[in-house]
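Chains as they are written, first to last, in my numbering: chain A, 57 to 208; chain B, 3 to 170.
First comes the structure, then the notes that go with it.
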């Protein structure tokens, strides 16, 4: 190696945290592993997705968990033309707030589409889960949302 | 609620690693040190003002704030100044526990660095112990501390406390 060559090295600093989910997030993740969504019922009857352990308005425990989705509506979105390595999709996609059918709050996730021209606020999307054997009880079990009717 | 398909237990834990990938460029002084390692040598630098020898050198003297320009080739032996015995397993661990992690002051240096001590029972490590570097095979030398497999006792009598008390 010539002394004029600039040395460089790839480093990774990583903390391998694990966290306990608690009963509500745990149920949400368990449902994702099953290829389903559940939300939590707030004290005013609103359905919160992703569920929180406590009602964000009153601080009370949330009530019954109810199934929502798998379809929903885009509430807002932003196009990502150059995905980063850790993004959920490696082709251009949209980050979107999706309000699932039966839910009163929106969930942030990726929407796969051929281009920003295909997307609009109010567009119908549906969940595309990973195959059953690949789902581990993680947000990544949801690969992305796709436009309903398969426009992409 | 379903307890999950196929009789799986409900999810109770979630892996959430936090990581940072980065590219390190060592600069002029550390590059000299690293290239020394790829030749099986410890290379330090001396401060013209205070005369102290730093290994690895950062290219400046932290006391005097002047560039360190004189390269100094150090020997293969040194003295254990302090140490700890690692008994606790942790994620990413590559060495079998228990093992000894020590600060080593190379002969002729005025700065200690951390090294692994092997070839000695962990209850026999002590301050002042004289040790030597064991390098990887010549064909495996790289510009990294991975070239130093570990340090081991070199058989010399312990160094007197006064010789390293300044470095604790």
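Here a beta-carbon is modelled for each residue, glycine too, at the ideal position from N, C-alpha and C.
Q. Rounded to a whole number of angstroms, what is the C-alpha to C-alpha distance between residue 117 of chain B and residue 83 of chain B?
A. Residue mapping note: residue 117 of chain B aligns to position 115 of the second chain, counting from 1. Residue mapping note: residue 83 of chain B aligns to position 81 of the second chain, counting from 1. Going from the Cα of residue 117 of chain B to the Cα of residue 83 of chain B covers about 11 Å.
Q: Kindly indicate which three-state DSSP category residue 34 of chain B falls into: helix, strand or coil?
A: Indexing the second chain from 1 puts residue 34 of chain B at position 32. Residue 34 of chain B falls in the helix class under three-state DSSP.
Q: Can you give me the Cβ contacts of residue 112 of chain B inside the same chain, cut-off strictly under 6 Å, excluding the 5 residues immediately before and after it?
A: As a first step, residue 112 of chain B is located in the second chain; it is residue number 110 there, counting from the start. So the qualifying residues of the chain are 54 and 55.
Q: Apply the 10 Å Cβ neighbour rule to residue 4 of chain B and answer buried if 16 or more other Cβ atoms are within range, or exposed otherwise.
A: The residue given as residue 4 of chain B occupies position 2 in the second chain. Note that residue 4 of chain B has pLDDT 44, beneath the 50 cutoff, so the model's placement of it is unreliable and no number is given.
Q) Going along chain A in order, which residues have a C-beta closer than 8 Å to the C-beta of residue 15 of chain B? A) Residue mapping note: residue 15 of chain B aligns to position 13 of the second chain, counting from 1. Under the 8 Å cutoff, chain A gives 74, 75, 76 and 77.
(Q) Does the CB of residue 193 of chain A have a neighbour CB from chain B at under 7 Å? (A) Here residue 193 of chain A is taken as the residue at index 137 of the first chain, counted from 1. Yes, residue 193 of chain A counts as interfacial toward chain B.
Q) Could one say the Cβ of residue 22 of chain B lies closer than 7 Å to chain A's Cβ atoms, at least one of them? A) Position 20 of the second chain holds residue 22 of chain B. Yes, its Cβ sits closer than 7 Å to a Cβ of chain A.
(Q) At the level of alpha carbons, what is the spacing between residue 103 of chain B and residue 60 of chain A? (A) Residue 103 of chain B sits at position 101 when you count from the first residue of the second chain. Residue 60 of chain A sits at position 4 when you count from the first residue of the first chain. Their Cα atoms are separated by approximately 34 Å.
(Q) Closer than 8 Å is the cut-off here; do at least three beta carbon pairs connect the stretch 166-183 of chain A with the stretch 140-149 of chain A? (A) yes
Q) What are the start and end residues of the beta strand (DSSP E) that includes residue 81 of chain B? A) Here residue 81 of chain B refers to the residue found at position 79 of the second chain. Counting along the chain, the beta strand (DSSP E) containing residue 81 of chain B begins and ends at 79-88.
Q: Kindly say whether residue 25 of chain B, judged by its beta-carbon, lies nearer than 7 Å to any beta-carbon of chain A.
A: On the second chain, residue 25 of chain B is found 23 positions in, with the first residue counted as 1. Taking Cβ atoms only, chain A reaches closer than 7 Å to residue 25 of chain B, which makes this a yes.
Q. What are the residues of the stretch 90-106 of chain B that lie near chain A, defined by any Cβ-Cβ distance shorter than 8 Å?
A. 93 and 94
Q) Based on Cα-Cα distance, which residue from A:157, A:194, A:202 and A:184 lies nearest to residue 172 of chain A? A) Residue 172 of chain A sits at position 116 when you count from the first residue of the first chain. Cα-wise, what sits closest to residue 172 of chain A is A:202.
Q. Mapping DSSP to helix, strand and coil, what is residue 81 of chain A?
A. Within the first chain, the letter at position 25 stands for residue 81 of chain A. In this structure, residue 81 of chain A counts as helix in the three-state DSSP scheme.
Q: State the DSSP-derived secondary structure class of residue 158 of chain B, mapped to helix, strand or coil.
A: Numbered from 1 along the second chain, position 156 holds the residue referred to as residue 158 of chain B. Reduced to three states, the DSSP call for residue 158 of chain B is coil.
Q) Should residue 140 of chain A be flagged as near chain B, meaning a C-beta pair shorter than 7 Å? A) For the purposes of this step, residue 140 of chain A is taken as residue 84 along the first chain, with counting starting at 1. Cβ-Cβ to chain B under 7 Å: no for residue 140 of chain A.
Q. With respect to the beta strand (DSSP E) encompassing residue 71 of chain A, which residues constitute its N-terminal and C-terminal limits?
A. To locate residue 71 of chain A, count along the first chain from 1; it is residue 15. 65-71 is the extent of the beta strand (DSSP E) around residue 71 of chain A.
**Q.** Contacting residues, own chain, Cβ-Cβ under 7 Å from residue 73 of chain B (five flanking each side not counted)
**A.** Indexing the second chain from 1 puts residue 73 of chain B at position 71. The residues are 34, 45 and 47.
Q) In terms of DSSP beta bridges, what is residue 191 of chain A paired with? A) What you label residue 191 of chain A is simply residue 135 of the first chain in a count that begins at 1. None; residue 191 of chain A has no bridge partner.
Q: Could you tell me whether the stretch 60-69 of chain B touches the stretch 88-108 of chain B, where touching means 3 or more Cβ pairs closer than 8 Å?
A: no
Q. Using a beta-carbon distance below 7 Å, is residue 143 of chain B in contact with chain A?
A. The sequence position of residue 143 of chain B within the second chain is 141, counting from 1. Not one chain A Cβ lies under 7 Å of residue 143 of chain B.
(Q) Please identify the residue among A:92, A:120 and A:79 whose C-alpha is closest to the C-alpha of residue 187 of chain A. (A) On the first chain, position 131 is the one that residue 187 of chain A refers to. Taking only the C-alpha atoms, the option nearest residue 187 of chain A is A:92.
Q. Since residue 126 of chain B sits in a beta bridge, which residues does DSSP pair it with?
A. Along the second chain, one-based indexing puts residue 126 of chain B at 124. Per DSSP, none; premise fails for residue 126 of chain B.
Q. Between residue 119 of chain A and residue 160 of chain A, what straight-line distance do the alpha-carbon atoms span, to the nearest angstrom?
A. Against the first chain, residue 119 of chain A aligns to sequence position 63. Against the first chain, residue 160 of chain A aligns to sequence position 104. Computed Cα separation, rounded: 15 Å.
(Q) Taking 8 Å as the cut-off, does the stretch 64-72 of chain A touch the stretch 121-141 of chain A (at least 3 CB pairs, one atom from each stretch)? (A) no
**Q.** Bounding residues of the beta strand (DSSP E) (the contiguous stretch that carries residue 166 of chain B)
**A.** Here the question's residue 166 of chain B lines up with position 164 in the second chain. Neither: residue 166 of chain B is in no beta strand (DSSP E) and is coded neither H nor E.
Q) Hey, residue 184 of chain A and residue 200 of chain A: beta-carbon distance below 7 Å or not? A) Counting from 1 along the first chain, the entry for residue 184 of chain A is found at position 128. Counting from 1 along the first chain, the entry for residue 200 of chain A is found at position 144. A contact, by the Cβ cut-off of 7 Å.
(Q) On the criterion of 16 or more Cβ atoms from any shown chain inside 10 Å, does residue 191 of chain A qualify as buried, or is it exposed? (A) By 1-based counting over the first chain, the position of residue 191 of chain A is 135. When all chains shown are included, residue 191 of chain A counts as buried.
Q) Alpha carbon to alpha carbon, how far is residue 84 of chain A from residue 74 of chain A? A) In the first chain, residue 84 of chain A corresponds to position 28, counting from 1. In the first chain, residue 74 of chain A corresponds to position 18, counting from 1. Taking the straight line joining both Cα atoms gives about 17 Å.
Q | Which of helix, strand or coil DSSP assigns to residue 74 of chain A | A | The residue you call residue 74 of chain A lines up with position 18 of the first chain. Strand.
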